[in-house]
Amino acid sequence: MLKYCRDKFNKDTHLRLRSDGAGYQFKIMEYCLAQGIDFTITAELAASVRGAIAAIPEKNWRPMVKDGKTILFAETVYKPGVTNYLVNLPAFRLIVTRQSSCQLELFKNIFVDRAIISNFPEAYSAEEVLTYHNARGNAEKAIGNLRTASRLLIAVRGTVRERRLRADLRTGIQPCEPVQKGRAAGRLGILPHKESAVQIVMRRGAGG
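Just so we're aligned, residue 702 is where the sequence shown starts under the working numbering, counting upward by one.
Laid out in structure tokens, this is it:
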């Protein structure tokens, strides 16, 4: 999908990629670097990533509010593929969030860490990168609504309920039109929102 979108847009269209852990692949990061695509990807918490997180000084952790809860965040750098000589990636920004697991169990960490890896320029603060990456949830919900609405229209096609449903949807997200051709879903390459959280954001021009 990433290559498809890159091929479909002019070279002066700056693309951004944000993805869940499914996008944590060396080949995707390499492609983004080669094509000038900014990315934020949920990092897999492998031993090397955990080691980088453990090395963050305590004084570097700062509080922030997310979804009404106070969590900690910090930033470091991490070079993917350090144990794979076939991978030649640079060090990227690794932004980590930490919150209490609310479970006091013996031999278990009371904190839950999550990390994203990103090549966003330093002009973007860690908070701004986190905010951008966490907006995935809004897009996933919109995609889910779109697919649900499309299925509903297919189920009631040719009935009075279809006309009413179409009228209701005109004020929000419009499904495929015509539905039977799946025109919108086909062209946009929308995947089931529970199976993929890979999203591509387009920005026109190199500076904006």
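Don't be surprised by glycine CBs; every beta carbon is placed ideally from N, CA and C. Please read these numbers as outputs of a predicted model, since none were measured by experiment.
Taking C-alpha atoms, which residue in the options lies nearest to residue i?
i: Q800; options: S826, R815 and V750; result: R815
i: L795; options: Y732, F727, I754 and H715; result: I754
i: A735; options: S720, Y786 and L790; result: L790
i: T784; options: V750, T771, I757 and D768; result: V750
i: F812; options: F793, Y725 and F774; result: F774
i: A747; options: G737, K780, Y786 and L716; result: K780
According to DSSP, simplified to helix, strand and coil, what is residue i?
i: A792; result: coil
i: F821; result: coil
i: V797; result: strand
i: V766; result: strand
i: V778; result: strand
i: T832; result: helix
i: F710; result: coil
i: A748; result: helix
i: A756; result: coil
i: I742; result: strand
Anyone know if the C-beta pair for residue i and residue j falls short of 9 Å?
i: T741; j: V830; result: yes
i: L721; j: P822; result: The amino acid at residue 721 is misidentified as Leu; the sequence shows Asp. Taking 9 Å as the Cβ cut-off, D721 and P822 do not qualify as a contacting pair.
i: M702; j: I818; result: no
i: G769; j: F727; result: no
i: E745; j: Y732; result: no
Below 8 Å on the Cβ atoms is my contact criterion, and I expect residue i with residue j to pass it. Report the Cβ-Cβ distance as a whole number of Å.
i: F970; j: N820; result: Examination of residue 970 is not possible in this model, given that the chain is present from 702 through 909 alone.
i: Y833; j: R719; result: 7 Å
i: T777; j: I757; result: 5 Å
Check: Is the region 758–768 touching the region 704–712 in the sense that three or more CB pairs, one from each, lie closer than 8 Å?
Finding: no
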